[in-house]
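Please read the structure below before turning to the comments.
Number of protein chains: 2
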Amino acid sequence: METVLPTFNSVFSIDCVIFGFEAGELKILLIERNQEPFKDWLALPGYIVEQDESIDDAAERILYELTGLRDLHMQQFHTFGEVNRHPQGRVITVAYYALIRINGQKELRPVTQYARKAFWHPVNELPKLAFDHTEIFETGFNKIRRRLNYQPIAFELLPEKFTLTQLQSLYEAVLNKKLDKRNFRKKMLSYGFLKELDEKQKGVSYRAAKLYKFDRRKYAKIFNNELNLDK
Amino acid sequence: METVLPTFNSVFSIDCVIFGFEAGELKILLIERNQEPFKDWLALPGYIVEQDESIDDAAERILYELTGLRDLHMQQFHTFGEVNRHPQGRVITVAYYALIRINGQKELRPVTQYARKAFWHPVNELPKLAFDHTEIFETGFNKIRRRLNYQPIAFELLPEKFTLTQLQSLYEAVLNKKLDKRNFRKKMLSYGFLKELDEKQKGVSYRAAKLYKFDRRKYAKIFNNELNLDK
DNA sequence: AAGATACTGTGTAAAATTTACACCCTTAAA
DNA sequence: TTTAAGGGTGTAAATTTTACACAGTATCTT
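Right, dumping it as structure tokens:
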């Protein structure tokens with residue numbers, strides 16, 4: 016009886032769909048590849064998992080190496096395992112997503128040679144991507160659209176202090192539909208996990224809006240209660 | 016510049032969490048392993064993906080080989096990639112789930128030597144399982160609990176013709192809570208995808224209940240409309 | 001055949017949530 | 001001081017969700 020694992024020329028890789036939000040627009044992070052196959056193509060940040068690292072660790076490392084970004088909360092969302100998805104051999108890829116605040120200060124700078132550069136690109140009008148990355152992106156986008164309804168992921172995309180209008184336009188960008196201003200505010204505030212600050216928006220040429228903060232503690236409390244008091 | 020894939024001693028495997036429903040109880044399919052590691056342990060049906068098959072194909076094949084079951088609609092739900100989850104080397108496993116009618120006629124019979132037998136086991140009071148299979152099961156169970164609310168997966172577990180009480184007790188088993196009979200019926204029927212048959216339950220020692228069928232066409236129509244008419 | 005048993009099948013009112021909808025206010029810039 | 005741009009607010013109607021109880025019927029028992 017066989018008791019030893021077979022050796023195939025098979026590798027695991029990770030691909031990352033990283034969402035950001037800027038100027039009312041939803042964007043994702045792309046790289047320009049500097050390596051065959053698909054040299055010079057645009058692609059999702061992705062690379063091969065090392066033998067001695069978990070896939071979660073690999074996802075963090077790979078994103079960092081290709082884009083310079085660190086300490087994101089990445090979550091796996093799907094695994095792509097068609098036989099010929101990679102032209103050089105059998106590669107199964109586990110796709111992760113994360114949402115982050117786009118921040119002018121944080122420079123996007125690949126620390127390996129595999130990517131020539133990394134940059135934000137609006138999710139609408141995405142160019143052709145390497146491998147099956149377009150499909151991976153679509154799958155990921157659908158997932159976060161779903162999760163937006165039951166997880167507080169929107170706040171990861173916004174600056175720490177934000178206005179209700181910014182929050183609403185983020186929801187509109189992800190869900191791709193217009194929402195009613197009064198109803199949106201009523202509902203968001205009714206959850207009780209938004210903290211109104213004594214501060215206002217600055218630098219706008221119109222009446223400045225109040226700033227709010229997402230209160231993680233309150234959110235956790237509410238969420239746990241829901242689970243515990245389950246009828 | 017490296018342009019060829021590295022060769023690691025890494026393999027992909029598939030593990031299956033197959034749910035069934037019988038006698039008002041939710042069950043999953045387990046095997047008794049006949050191979051090291053974890054020889055003689057109970058485990059989820061799972062095995063290694065071949066080099067030339069997609070992971071979806073592998074899932075079908077592996078389930079068939081270990082249990083004799085075929086033609087299920089399996090869906091991947093999570094990939095487990097901790098470094099030491101398999102004692103013999105680096106194995107990443109993609110976990111799939113499916114829901115099926117338990118049917119006395121369909122015999123569970125492994126067609127490989129890797130499993131000694133396959134059998135149904137209630138999801139409550141699961142024994143210790145091989146590898147990280149307990150965690151895989153828990154993750155899968157949580158997923159279907161969620162999906163029950165927005166996908167018609169319940170009907171895959173029931174016989175083609177079923178009573179509303181059977182449907183309700185399935186929901187109660189998966190969600191692990193009591194539901195109100197009148198409200199449950201009102202809501203289910205209001206969707207419009209249950210077809211009332213001219214037939215009644217047989218072989219019960221009390222008033223026989225009406226039988227219903229799940230109408231896939233109507234379901235699809237309703238579901239598509241929802242998507243298309245999206246405001 | 002009478003009674004016991006076990007589950008079927010049904011309606012309504014109250015409460016909660018969701019939806020639709022429009023205008024005055026404030027700030028900065030011109 | 002006027003204009004431009006978005007800020008901020010309330011209510012009524014419609015819809016959905018919740019809570020709740022009992023008579024009806026088939027079978028089995030004695």
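Sequence lines, in order, name chains A and B. Each step along the first sequence adds one to the number in this note's numbering, with nothing skipped, and position 141 is 156. Each step along the second sequence adds one to the number in this note's numbering, with nothing skipped, and position 172 is 187. Even glycine gets a Cβ: it sits at the ideal position worked out from N, Cα and C.
Nearest-angstrom Cα distance between residue i and residue j?
i	j	result
Leu-226 (chain A)	Leu-209 (chain A)	10 Å
Glu-171 (chain A)	Glu-214 (chain A)	20 Å
Arg-105 (chain B)	Asn-239 (chain B)	43 Å
Asn-243 (chain B)	Ala-74 (chain B)	Only weak support is given to the placement of Asn-243 (chain B): the predicted model assigns it a pLDDT of 45, under 50, and the question is left unresolved by the model.
Leu-78 (chain B)	Arg-100 (chain B)	21 Å
Arg-15 (chain A)	Pro-167 (chain B)	Residue 15 (chain A) lies beyond the range of chain A shown here (16 to 246); nothing can be said about it.
Asp-72 (chain B)	Lys-228 (chain A)	47 Å
His-93 (chain B)	Phe-95 (chain A)	11 Å
Asn-49 (chain A)	Arg-131 (chain A)	5 Å
Gly-61 (chain B)	Pro-125 (chain B)	12 Å
Leu-179 (chain B)	Val-26 (chain B)	45 Å
Lys-202 (chain B)	Asn-164 (chain B)	12 Å
Leu-182 (chain B)	Ile-151 (chain A)	36 Å
Asn-157 (chain A)	Ala-169 (chain B)	23 Å
Asp-245 (chain B)	Ala-235 (chain A)	Any reading at Asp-245 (chain B) is ruled out, since the residue's pLDDT is 39, under 50, leaving its predicted position unreliable.
Arg-197 (chain A)	Ala-224 (chain A)	15 Å
Glu-97 (chain B)	Thr-154 (chain B)	15 Å
Gln-91 (chain A)	Phe-177 (chain A)	27 Å
Leu-194 (chain B)	Arg-232 (chain B)	27 Å
Arg-76 (chain B)	Glu-175 (chain A)	49 Å
Trp-56 (chain A)	Ala-133 (chain A)	12 Å
Arg-116 (chain B)	Ala-58 (chain A)	43 Å
Cys-31 (chain A)	Ser-69 (chain A)	15 Å
Gln-128 (chain A)	Ala-113 (chain B)	43 Å
Residue i by DSSP, collapsed to three states: which one?
i	result
Val-189 (chain A)	helix
Glu-175 (chain B)	coil
Phe-36 (chain A)	strand
Gly-61 (chain B)	strand
Gln-90 (chain A)	strand
Tyr-79 (chain A)	helix
Leu-194 (chain A)	coil
His-136 (chain A)	strand
Phe-53 (chain A)	coil
Asp-67 (chain B)	coil
Arg-105 (chain A)	strand
Ile-29 (chain B)	strand
Leu-204 (chain A)	helix
Glu-122 (chain A)	coil
Ile-151 (chain B)	helix
Arg-116 (chain B)	strand
Ile-237 (chain A)	helix
Asn-2 (chain A)	Because chain A here runs from 16 to 246, residue 2 (chain A) falls outside it and cannot be looked at.
Leu-182 (chain A)	helix
Phe-146 (chain B)	coil
Pro-21 (chain A)	coil
In the DSSP assignment, what residue or residues form a beta bridge with residue i?
i	result
Lys-251 (chain A)	A question about residue 251 (chain A) goes unanswered here, because the residues of chain A that appear run from 16 up to 246.
Phe-95 (chain A)	A:Thr-108
Arg-48 (chain B)	B:Ala-130
Ile-43 (chain A)	A:Phe-34 and A:His-136
Leu-209 (chain B)	B:Phe-229
- prompt: In chain order, what residues of the stretch 59-88 of chain A put their CB closer than 9 Å to some CB of chain B?
  reply: Of all residues in the stretch 59-88 of chain A, Ile-63, Val-64, Glu-65, Gln-66, Asp-67, Glu-68, Ser-69, Ile-70, Asp-71, Asp-72 and Ala-73 have a Cβ within less than 9 Å of some Cβ in chain B.
message: Would you call the stretch 133-149 of chain B in contact with the stretch 65-77 of chain B, where contact means no fewer than 3 C-beta pairs closer than 8 Å?
response: The stretch 133-149 of chain B and the stretch 65-77 of chain B do not touch, with fewer than 3 CB-CB distances between them shorter than 8 Å.
- request: Compile a chain-ordered list of the residues in the stretch 142-172 of chain B whose CB is closer than 8 Å to at least one CB of chain A.
  value: The stretch 142-172 of chain B vs chain A, Cβ under 8 Å: nothing.
field: Stretch-stretch touch, CB-based, cutoff 8 Å, three pairs: the stretch 77-89 of chain A with the stretch 82-89 of chain B
entry: No: fewer than three Cβ pairs fall under 8 Å.
message: By the 8 Å beta-carbon criterion, what residues does the stretch 200-228 of chain B contribute toward chain A?
response: Per Cβ criterion, the list is empty.
query: Taking any Cβ of chain B, which residues in the stretch 175-201 of chain A have a Cβ under 8 Å from it, in chain order?
result: Of all residues in the stretch 175-201 of chain A, only Lys-192 come within less than 8 Å of chain B when Cβ atoms are compared, listed by chain position.
message: Against chain A, which members of the stretch 118-137 of chain B pass a CB distance test of less than 9 Å?
response: Those residues of the stretch 118-137 of chain B that come within reach of chain A (Cβ to Cβ, closer than 9 Å) are Gln-128 and Tyr-129.
- request: Would you be able to state if there are at least three C-beta pairs under 8 Å between the stretch 118-131 of chain A and the stretch 34-50 of chain B?
  value: Two segments are said to touch when three or more pairs of C-beta atoms, one from each, lie closer than 8 Å; by this definition the stretch 34-50 of chain B does not touch the stretch 118-131 of chain A.
- prompt: Between the stretch 145-158 of chain A and the stretch 108-117 of chain A, are three or more C-beta pairs nearer than 8 Å?
  reply: They touch, by the three-pair rule.
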